[in-house]
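One gets my numbering by counting positions in the sequence shown from 1 and adding 31 to each.
Each residue gets a CB set at the ideal place from its N, CA and C atoms; glycine is no exception.
Let me begin by presenting the structure, written as structure tokens, before commenting on it.
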Amino acid sequence: MGGAVLLVILVLQPETYGPLILYWKAKILREETGDDRYKAPMEMKNEALGRRLLVSVYRPFALVYSELIIILMSLYLTVIYIVLFTFLEGYTYIFGDTYGLSQEMTGILWAGMLCGILLVGCLVPVVYSWTAKEYKKTSTIAPETRLWYAMLGGAPAVPISLFWMGWTSYPSISIWSPIIASALFGYGITTIFIVTYMYIIDSYGVYSASALGFLVFTRYVVAGGMTVAGGPIYRSIGVHYTLTILGGISTVMAAIPYLLYVYGPTLRKYSKFAVNVGAD
Numbered sequence: 032m033g034g035a036v037l038l039v040i041l042v043l044q045p046e047t048y049g050p051l052i053l054y055w056k057a058k059i060l061r062e063e064t065g066d067d068r069y070k071a072p073m074e075m076k077n078e079a080l081g082r083r084l085l086v087s088v089y090r091p092f093a094l095v096y097s098e099l100i101i102i103l104m105s106l107y108l109t110v111i112y113i114v115l116f117t118f119l120e121g122y123t124y125i126f127g128d129t130y131g132l133s134q135e136m137t138g139i140l141w142a143g144m145l146c147g148i149l150l151v152g153c154l155v156p157v158v159y160s161w162t163a164k165e166y167k168k169t170s171t172i173a174p175e176t177r178l179w180y181a182m183l184g185g186a187p188a189v190p191i192s193l194f195w196m197g198w199t200s201y202p203s204i205s206i207w208s209p210i211i212a213s214a215l216f217g218y219g220i221t222t223i224f225i226v227t228y229m230y231i232i233d234s235y236g237v238y239s240a241s242a243l244g245f246l247v248f249t250r251y252v253v254a255g256g257m258t259v260a261g262g263p264i265y266r267s268i269g270v271h272y273t274l275t276i277l278g279g280i281s282t283v284m285a286a287i288p289y290l291l292y293v294y295g296p297t298l299r300k301y302s303k304f305a306v307n308v309g310a311d
């Protein structure tokens with residue numbers, strides 16, 4: 032699936048990176064005119080490869096010391112990954128132990144999350160309309176506009192779905208209750224993923240790769256351990272309390288998109304690396 036999407040992007044998606052477009056244009060001009068004076072800014076840099084690699088490795092960690100936006104988004108996505116990995120581990124205990132389903136049937140119930148993920152597509156026309164109106168009015172798009180995906184129910188959907196599934200997973204309650212809760216969970220998780228990447232990219236421009244590098248590193252290092260710890264936690268305290276704990280943690284984190292929507296412009300205004308669009 033990922034390979035198919037990549038192929039479509041390579042074939043159909045035009046290049047949008049300004050410095051690379053200028054490089055191509057300068058190269059064409061040199062070929063057409065024979066004049067080597069046409070050079071793009073990225074060709075004027077004479078940094079050694081070792082120096083460039085050192086900066087690429089160092090900068091993601093250097094940004095953390097001064098960029099509260101990166102810290103908050105990294106913390107948010109790391110917690111969401113911990114919740115996600117632990118939640119997925121619980122499918123066996125929720126649908127297998129509680130409702131007596133086979134491993135095959137439990138696997139099929141992943142379709143509930145898929146429905147929630149696909150539901151996010153309904154937000155695209157809404158957010159696009161708002162974004163287009165903002166651009167028409169101001170000729171710019173503030174990064175905080177990207178937060179709407181999570182603010183339109185996505186952020187609170189995660190804790191709600193966890194509490195819902197945690198306290199309706201009983202043999203006496205219809206299996207459809209946790210299935211619907213899993214759809215809500217899929218919806219919330221997907222909006223948070225979208226928001227995190229889009230907001231970081233729009234906020235940091237040319238530094239966004241470094242910002243995302245730290246975000247990806249921390250979330251996988253910290254959250255990866257939950258694949259080992261998830262099972263013992265469910266066996267130790269049970270489905271209900273495990274999901275309640277996860278719901279409580281994600282409730283606290285759900286405030287981050289709303290806080291950044293209000294205070295994000297101010298944080299970007301005083302940042303050395305962030306884009307200051309809409310920060311006045």
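Rounded C-alpha distance that separates residue i from residue j
| i | j | result |
| --- | --- | --- |
| T227 | W55 | 31 Å |
| Y235 | P263 | 40 Å |
| L84 | P72 | 19 Å |
| T109 | L60 | 47 Å |
| G147 | F92 | 34 Å |
| G33 | L43 | 15 Å |
| Y112 | L51 | 34 Å |
| D66 | A57 | 10 Å |
| G279 | G197 | 12 Å |
| V252 | E62 | 47 Å |
| Y69 | A212 | 59 Å |
Closest by C-alpha distance to residue i, when choosing among the options
| i | options | result |
| --- | --- | --- |
| A186 | F224, I210 and F304 | F224 |
| R299 | A212, I231, Y251 and P45 | I231 |
| D128 | T64, A305 and Y265 | Y265 |
| I210 | V293, Y69 and Y130 | Y130 |
| S192 | Y201, A214 and V293 | A214 |
| V155 | M229, Y166, A142 and Y180 | Y180 |
| M284 | Y251, A305, M182 and K303 | M182 |
| G49 | Y251, V237 and T275 | V237 |
| M104 | V306, F304, G295 and Y301 | G295 |
| Y292 | L145, E175 and L37 | E175 |
| E74 | Y124, L53, G184 and D233 | L53 |
Residue i (DSSP reduced to helix, strand or coil)
| i | result |
| --- | --- |
| V252 | helix |
| T297 | helix |
| K56 | helix |
| Q134 | helix |
| G81 | helix |
| F304 | coil |
| Y69 | coil |
| G121 | coil |
| E98 | coil |
| W198 | coil |
| I113 | helix |
| E334 | Any property of residue 334 remains undetermined from this structure, which presents the chain solely from 32 to 311. |
| Y48 | coil |
| W179 | helix |
| S281 | helix |
| L140 | coil |
Whole-angstrom C-beta distance between residue j and residue i, which should lie under 8 Å
| i | j | result |
| --- | --- | --- |
| L277 | F118 | 7 Å |
| V151 | T221 | 5 Å |
| K303 | S97 | 7 Å |
| L274 | G143 | The pair is not a contact, with the Cβ atoms about 15 Å apart (cut-off 8 Å). |
Residue i Cβ short of 7 Å to the ligand NAP heavy atom set
| i | result |
| --- | --- |
| V88 | By its list of ligands, the structure shown contains no ligand whatsoever, and the ligand NAP lies outside what it can speak to. |
With a cut-off of 8 Å, do at least 3 Cβ pairs link the region 197-205 to the region 284-292? No, the region 197-205 is not in contact with the region 284-292.
Three-pair Cβ contact test at 8 Å for the region 240-250 versus the region 88-95: Pairwise C-beta distances place the region 240-250 in contact with the region 88-95, as three or more of them are shorter than 8 Å.
Check whether the region 263-272 touches the region 133-141, counting contact only when three or more Cβ pairs, one atom from each stretch, lie closer than 8 Å. Look at the beta carbons and you see the region 263-272 not touching the region 133-141: under three pairs across the two are nearer than 8 Å.
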